[in-house]
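Take 1 as the starting number for the sequence shown in UniProt numbering and just add one per residue.
To start, the structure under review is shown below, and the notes come after it.
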Amino acid sequence: MPFVWENLQRQGISQDAADIIIASWRPATKKSYRSAIQKWILFCARGQINPVRAPVTVVLDCLTEEFHKGNSYSSVNTLRSAISAIVAPIDVSPIGSHPLVKRFMTGVFNLRPAMPRYNFTWDVNIVFKYLKELGPGEKLPLKRLTMKLVMLIALISGQRCQTLSLLDLDQVNVTRSNVTFVVTKLTKTSRVGSKPISVVVSEYPHDEHLCVMKTLREYLIKTRTFRGRERSLFLSYTSPHKRVGSETISRWIKMTLQDAGIDIGRFKAHSTRSAACSAALQRGVPLDVIMTTAQWARSSTFAKFYNKTIVPASQKFADAVLSCEAK
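Dropping the structure here:
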């Protein structure tokens, strides 16, 4: 991010300090900023404007062009943040915080509100019925067993694909009835002072075909022959069986949803969060338990984006979700 560097150095910040400041942006943020900064540079080049010394009027024109392309509030806001990272501050304040820019963004929101992707969600019972029909894990090929375990953990934890990709066998607490994975690496929701995420996999004696603990044991047995020193829980089911990232986890979940009969043209892998949490709430799990289990800081976020009407077709949390499976 050379233009960010230039902006920091122009303010007299040392190279060592700049390294630490740039580290404040997560990899995903840097990736989205690179694309946004490229848009800004091309916009300035057309008007022969210095991209690091542009006035607020030019910033507003660039944001307006982005808006008129039909892009969402989120896309326009990402561009605003990226521009603010490289354009010289005005009276010490970042240009993205200029009163006119802030007022402009309010206008963008009013004209094109940020709406949740789904107004309703799928019934977890449909997926549980499919997973149950797969049969015992020890008889499943590695591919099916992998996808079954990923889907079960996604549903009983309400966690993001990124979190699932960070589950590590060196960061576990094992008892007779459950296994607790502690995620110590940074995630999308990590903040200063936040506690590590815990993902609890427990026994489910009501149905062994939906028991996440049993499925986990079967998966570890089946991957033991090629795991070697690899400590990441989820490994590729194809040789050379390396650890997988969040994009692969997401693809596996979508494949399982499709096999179960869920419309993946409408629902993405992330929809497991809304499906599981909506099911748990309808089964009487307290909101604070849902928020803690699925890592939400505010109940308003859950209410707006994840508490959905179910279209039919913690252990409290996990049991409530699993109990939705039709008898």
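Cβ coordinates follow ideal geometry from the N, Cα and C atoms, glycine included.
Note that the structure is predicted; figures quoted are calculated from it, not measured.
Which word fits residue i, buried or exposed, when buried means at least 16 other C-beta atoms lie within 10 angstroms of its C-beta?
i           : result
PHE226      : exposed
GLU66       : buried
PRO51       : buried
ASN7        : buried
GLU247      : exposed
GLY96       : buried
residue 329 : In this structure the chain extends from 1 to 327, so residue 329 is not present and cannot be described.
ASP16       : exposed
ASN110      : exposed
SER74       : exposed
LEU169      : exposed
ALA297      : Reliability fails at ALA297, whose pLDDT of 46 lies under 50, so the model's placement of it is uncertain and the value that follows must be treated cautiously. Result: exposed.
ARG160      : buried
ILE153      : buried
THR187      : buried
ILE20       : exposed
GLN258      : exposed
VAL4        : buried
Taking just the CA atoms, how far does residue j sit from residue i?
i           : j      : result
ILE264      : ILE126 : 14 Å
residue 330 : LEU140 : For residue 330 there is no data in the structure shown, the boundaries of the chain being 1 and 327.
LYS30       : ALA85  : 11 Å
LEU155      : LEU131 : 12 Å
LEU216      : LEU79  : 42 Å
ARG231      : VAL244 : 11 Å
THR197      : ALA54  : First, the residue type needs correcting, since residue 197 is Ile and not Thr in the sequence shown. Near 42 Å, if we compare the C-alpha coordinates of ALA54 and ILE197.
GLY70       : ILE37  : 19 Å
GLY47       : CYS62  : 11 Å
ALA303      : ALA280 : Residue placement at ALA303 is poorly supported in this model, since its pLDDT is 46, which falls under 50; the coordinates are not used for a value here.
MET151      : PHE128 : 9 Å
SER299      : ILE49  : Low confidence applies here, because SER299 scores a pLDDT of 43, under 50, leaving its location unreliable and the question unanswered by this model.
VAL76       : LYS195 : 32 Å
LEU145      : PRO113 : 41 Å
CYS44       : ALA28  : 25 Å
PHE181      : GLU203 : 15 Å
TYR33       : PRO94  : 16 Å
HIS209      : SER35  : 45 Å
LEU134      : SER278 : 25 Å
ILE13       : ILE249 : 40 Å
HIS68       : MET105 : 13 Å
ALA260      : MET147 : 12 Å
GLN11       : VAL92  : 10 Å
PRO205      : SER323 : 11 Å
ILE90       : THR64  : 20 Å
GLN162      : GLY228 : 23 Å
ARG224      : ARG266 : 37 Å
residue 349 : ILE262 : The requested residue 349 is not part of the displayed model; the chain covers only 1 to 327.
Contact defined as beta carbons within less than 8 Å: I believe residue i pairs with residue j. What is the distance between those atoms, to the nearest angstrom?
i      : j      : result
THR121 : SER271 : 6 Å
VAL59  : VAL87  : 7 Å
ARG273 : GLY158 : 5 Å
LEU149 : TYR219 : 5 Å
TRP40  : ALA82  : 7 Å
VAL199 : ASN178 : In fact, because the Cβ distance is near 10 Å, the residues do not count as touching under 8 Å.
GLN9   : ALA23  : The pair is not a contact, with the Cβ atoms about 16 Å apart (cut-off 8 Å).
ALA276 : VAL124 : 6 Å
LYS222 : LEU142 : 6 Å
4-residue-minimum alpha helix (DSSP H) runs that sit fully inside the region 63-147, ordered along the chain: 73-86, 99-111, 124-133
Count the CB pairs spanning the region 252-262 and the region 165-180 that are closer than 8 Å, and state whether there are at least three. no
Below 8 Å, can you find three or more Cβ-Cβ pairs linking the region 233-246 to the region 91-106? no
Give a yes or no on contact between the region 206-214 and the region 239-248, applying the rule of three or more CB pairs nearer than 8 Å. no
Ordered list of alpha helix (DSSP H) runs contained in the region 1-39, each at least 4 residues: 2-10, 15-22
Ignoring anything shorter than 4 residues or poking outside the region 206-275, list the alpha helix (DSSP H) runs there in chain order. 212-227, 246-260
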